[in-house]
Amino acid sequence: MKNRIETTSASLHIMAMAFMLCDHLWATVVPGNEWLTCVGRLAFPIFAFLIVEGYFHTSDLKKYALRLLVFAALSEIPFNLAAGGSVLYPFHQNVLWTFLISLGLIHWNESVKRHGRAVRMTVACVSVLLGSVAGLVAFADYLHGGVLTVLVFYFFRARNWVSRFCQLIGLAWINLELLGGLVYEFTVITFPQQGFALLALIPIWLYRGNPGLRSPVLKWINYLFYPVHLLILGLLMLL
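Just so we're aligned: 24 in this note's numbering is position 24 of the sequence shown, and the numbers increase by one with no gaps anywhere.
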């Protein structure tokens, strides 16, 4: 049998952290290098996908949510320093709050799985509405688009071509229409910078459920990387 190219949960985490570092370098200490943020666009969809996978593979949802909450709080000052140049920056919240909102909505949908179709569909629709409002009101990273990205991966989690097509359409709408931003103008077409996020679907679709390297060290690196690298970049911005 031929070996298939595939990604693992561990490799996706490593890729997402590398992409995120590129984006944050561009936003802080290495401005003007557009290629860094173009590469960085791939980070969020991968992390959004991993949050959904984390929900279904965690052995203790309460501990999983509590870890996210703790690191969301720990990341606030580092994020504020990197994003706003000050300890207090109420106009933009770190991405872990986006994921906490999304995790709560996923759990709500899962809690009504045994109810009738009408109830499940109602909860799904209300989740989309509430998630959008919560993302906007909380100023969470990626706003409503961030929560909706996680929900796209949740509602279309099956590994089949129908779900992949829905993921593509969902992410295309979120990134090309909803989030907007800088647009590159070529000879014939224009292309939003945020559109590079769609390339994240390639490593995501190569994932087949294999966790890959399991290590307590890697697990804590995944959590610590976010606040630590933001703190370093934020302090460098103050120099």
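Using N, Cα and C, we set each Cβ at its ideal position, and we do this for glycine too.
The alpha-carbon of G209 is positioned some 19 angstroms away from that of A43. Its chain contains L143, H144 as the residues whose beta carbon lies nearer than 7 angstroms to that of L136, once the 5 sequence neighbours on both sides are disregarded; these appear in chain order. In the three-state reduction of the DSSP assignment, F47 falls in the helix class, which pools H, G and I. Beta-bridge partners assigned by DSSP to P192: V183.
For the 8 angstroms CB-CB criterion, V152 and G170 form a contact. For T7, the beta-bridge partners assigned by DSSP are Y207. Counting C-beta pairs closer than 8 angstroms gives three or more between the stretch 66–79 and the stretch 91–110, which meets the contact rule. About 6 angstroms separates the beta carbon of H13 from that of L50, a gap short enough to meet the 8 angstroms contact definition.
Contact annotation: the stretch 193–208 touches the stretch 166–184, with at least three C-beta pairs closer than 8 angstroms. Distance check between H229 and each of C22, H57, S9 places C22 closest, using alpha-carbon atoms only.
Within the same chain, P78, L81, A82 come within 7 angstroms of G234 by CB-CB distance, once the 5 residues on both sides are set aside. Under the three-state reduction of DSSP output, A158 falls in the coil class, being neither helix nor strand. Annotation: V183 to L103 spans about 31 angstroms, alpha carbon to alpha carbon.
The alpha-carbon of G180 is positioned some 22 angstroms away from that of I202.
Contact between the stretch 51–63 and the stretch 212–225 is absent: fewer than 3 CB-CB pairs across the two stretches fall below 8 angstroms.
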